[in-house]
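Sequential numbering from 3 applies to the sequence shown in the numbering used here.
Glycine residues also receive a C-beta, built at the ideal position from the N, C-alpha and C atoms.
Notes for the one structure printed next.
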Amino acid sequence: RVIAVDTFSDFPLDKVKDLQKIKTFPLNYEQVVSLKPDLVLAASITNREDVKKLEDLKLTVLVVGKTTTTFDNVVNDILLVGKVTGADAKAKSVTDAMKQKLDALKAKLANAKSKPRVFWELDATDPTKPYTPGPGSFVDELITLAGGVNIAANAKTPYARINAEEVIAANPEIIILSDFAYGITVESVKVRKGWDVINAVKNNKIFPIDDNLVSRPGPRLIDGLEAAAKLIQPDLFK
Numbered sequence: 003r004v005i006a007v008d009t010f011s012d013f014p015l016d017k018v019k020d021l022q023k024i025k026t027f028p029l030n031y032e033q034v035v036s037l038k039p040d041l042v043l044a045a046s047i048t049n050r051e052d053v054k055k056l057e058d059l060k061l062t063v064l065v066v067g068k069t070t071t072t073f074d075n076v077v078n079d080i081l082l083v084g085k086v087t088g089a090d091a092k093a094k095s096v097t098d099a100m101k102q103k104l105d106a107l108k109a110k111l112a113n114a115k116s117k118p119r120v121f122w123e124l125d126a127t128d129p130t131k132p133y134t135p136g137p138g139s140f141v142d143e144l145i146t147l148a149g150g151v152n153i154a155a156n157a158k159t160p161y162a163r164i165n166a167e168e169v170i171a172a173n174p175e176i177i178i179l180s181d182f183a184y185g186i187t188v189e190s191v192k193v194r195k196g197w198d199v200i201n202a203v204k205n206n207k208i209f210p211i212d213d214n215l216v217s218r219p220g221p222r223l224i225d226g227l228e229a230a231a232k233l234i235q236p237d238l239f240k
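Next comes the structure, spelled out in structure tokens:
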């Protein structure tokens, strides 16, 4: 059973709301040890020093998400967690449902008449050089599966910074904002210098998306795919 989660783990709410919360920045080692866990699950982005410290404290740590670049990778991680926690059947049930929904979406999206160019914004703290998903990220695969063409498909890193001029030159037909929850609005994108010539701006094809569905590689990723597909290929969902 799960006895504690970090402060970012908030889903499903009814399952985690009453669990003890562990502060992770910085990680409270004493609190973790006091719980006497049989297993500590850590993400690949977890500070390596934290992982080593926990192991030095004689705790068993499993790092997951080392290769969450594709839908299949995410499925394999869920199955792995199920295996090490004795919840194989539950993990298989979850992943089978994900695969069935993926197959249904693929069948629907196979009828797409065209694939629009998509700019997916992850972080525009500096709107002249926003972050966007490149090859090797699961969001890049998500764009492709959802029936779009990622304008940053040739970026050199999975999560790349792209110059505003490059976005303008690529002329995306759709702009998706997964940074909407952090203060970026459709209107703020429209008034960026030079962006008025972009087709997505001219045709009001700028859409926010729930970043929780697409920034956390877990069971809800398939819901994120469906949400993105409805934005990229809306005619197929009428």
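Evaluate F73 with the Cβ neighbour count: other Cβ atoms within 10 Å of its Cβ, from every protein chain shown; 16 or more gives buried, anything less gives exposed.
buried
Next item on the list: Spatial neighbours of L21 within its chain, please: CB distance less than 6 Å, with the 5 preceding and 5 following residues excluded, ordered by chain position.
Entry: A6, V7
Taking its Cβ as the centre, do 16 or more other Cβ atoms sit within 10 Å of R3, making it buried, or is it exposed? That one is exposed.
| task | Under 8 Å by Cβ, that's how I've got V77 and T62 pegged, so tell me the actual separation to the nearest angstrom. | result | V77 to T62, Cβ: 23 Å. No contact.
Nearest to L104 by CA position, among I234, D237, P221, F182, is which residue? P221
Y161 versus G136: straight-line alpha-carbon distance, rounded: Cα-Cα distance, rounded: 5 Å.
Q. Nearest CA to the CA of T130: which residue from E228, N113, R194?
A. R194
| query | By how many angstroms is the C-alpha of A89 removed from the C-alpha of L238? | reply | 36 Å
Excluding sequence positions up to five away, which residues of its chain have a Cβ less than 7 Å from the Cβ of D12?
V18.
Query raised in the report: Counting along the chain, where does the beta strand (DSSP E) carrying A162 start and finish?
Result: 161-163
DSSP state of E123, grouped into three classes? strand
- Query: According to the Cβ coordinates, are G138 and T71 closer than 8 Å?
  - Reply: yes
ask   = Quick one: what's got a C-beta closer than 7 Å to K117's C-beta in the same chain, skipping five residues either side?
value = G149, G150, V151
For the alpha helix (DSSP H) that G102 lies in, which residues bound it at each end? In the sequence as presented, Gly is not what sits at residue 102; that position holds Gln. Segment 90-111, the alpha helix (DSSP H) holding Q102.
Classify D52 as helix, strand or coil using the three-state DSSP reduction. helix
request  = Kindly indicate the opening and closing residues of the beta strand (DSSP E) around A45.
outcome  = 42-45
(Q) Alpha carbons only, please: which of P132, A155, V86 is nearest the one belonging to V120? (A) A155
Exercise. Can you give me the Cβ contacts of T159 inside the same chain, cut-off strictly under 8 Å, excluding the 5 residues immediately before and after it?
Key: G136, G138
- Query: Nearest CA to the CA of N30: which residue from P14, D40, L15, K55?
  - Reply: K55
| message | So the candidates are L82, I178, A166, N165; which of them puts its Cα closest to the Cα of I145? | response | I178
Leaving aside the five residues before and after P210 along the sequence, list all residues of the same chain whose C-beta is less than 6 Å from its C-beta, in chain order.
L179, F182
query: Where do the ends of the alpha helix (DSSP H) carrying K23 lie?
result: Counting along the chain, K23 falls outside any alpha helix (DSSP H), though it belongs to the beta strand (DSSP E) covering 22-24.
Margin query: Tell me the rounded alpha-carbon separation between A166 and A45.
Written below: 32 Å
**Study point:** Reduced DSSP category for T246 - H, G, I as helix; E, B as strand; rest coil
**Key:** In the structure as shown, the chain starts at 3 and stops at 240, and residue 246 therefore has no counterpart that could be examined.
Q) Would you call the CB atoms of V83 and A93 closer than 8 Å? A) yes
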